[in-house]
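To start, the structure under review is shown below, and the notes come after it.
In the numbering used here, the protein residues as written are 1054 to 1395.
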């Protein structure tokens, strides 16, 4: 098994296979992301377990293993998990036993992510418009209730109900109106101090365990402390609320992506710079049936609470030039946040 820490963070997918058996000996993080499978599920498997023997990629690798040198295959259209990916393959014969394969992809996901961001902004604007249209008549009702309370003493109970219900809607609208990112200059902060400060709020609970896996090499860097702390707390708090009712664990891991070309959701490009990656896992908070809905406004996975937290979470991360994704695998929910290190 190969273990190359440097190649783990290269922006191209890397695969090393044994020529004779086509057994997979090594994959990097980008290849895991491309295939949507973890390293543990790939190492030791055969190439045909991932790519069909009739596929273009399998044919290219088969032809290259019989020769020595470097081989380049341009403008390939690979179909991976029902998704078409434009790719360039570079296959290098490392020695008599192994092939090194680079996947240089122009993934159509970039376009999809760009559309997702545009839809998110559109939805945000629609909500702002709805807030304006609903708030004015509600304020008129509120004013009328005030006058009725003075004149209709016998109907006070009914008037009180109207007033309370009106307040609930106004408070909801106020949330969408006021939850905007503060236009403040970022300050230099330690992300681990912020995470530990959040963890301290919940660590005395008995039904779950919080596991820290912090990378000590992450430097102090510039970011909006209040907003990022709010976003991280929203994830951890959601997990805690669910785990209060079911035993489980929360694992928080940080890593430093040096010189990593990150695909930014709302930009149709790759930005080459260093990034912080924060992974937050738990074993109870969502299932794969509703995992794609969590960033919608008013979505909640807890029937006892009204939810709009994850809509706000995504808004905060996007407006801080970051990216957030969530996945469900083998009963484990993982939230992955990336933020530029400035």
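Glycine included, every Cβ here is placed at the ideal spot set by N, Cα and C.
One alpha carbon belongs to residue 1095, the other to residue 1218, and they sit about 55 Å apart. The Cβ neighbour count for residue 1107, taken over all protein chains shown within 10 Å, is under 16; the residue is labelled exposed.
When the beta-carbon positions are compared, residue 1363 and residue 1389 stay at least 7 Å from each other. For the options 1151, 1329 and 1141, the alpha carbon positioned closest to that of residue 1269 is the one of 1329. Residue 1286 places its beta carbon less than 7 Å from that of residue 1251. If you ignore the 5 residues before and after residue 1289, its C-beta comes within less than 6 Å of the C-beta of 1251, all in its own chain and listed in chain order.
Taking a cut-off of 8 Å on C-beta distances, the stretch 1118-1126 touches the stretch 1136-1152, as three or more cross pairs fall below it. Leaving aside the five residues that flank residue 1153 on each side, the residues in its chain whose CB is nearer than 6 Å to its CB run, in chain order, 1069, 1145 and 1147. Cβ neighbours of residue 1071 within its own chain (closer than 7 Å, five residues either side excluded): 1078, 1150 and 1151.
Looking from the CA of residue 1296, the closest CA among 1083, 1280, 1191 and 1261 belongs to 1261. Comparing alpha carbon positions, the residue from 1282, 1302, 1097 and 1222 closest to residue 1244 is 1282. Contact between residue 1099 and residue 1076 is confirmed by a C-beta separation of about 6 Å, below the 8 Å threshold. When the Cα atoms are used, residue 1110 and residue 1378 turn out to be separated by approximately 28 Å.
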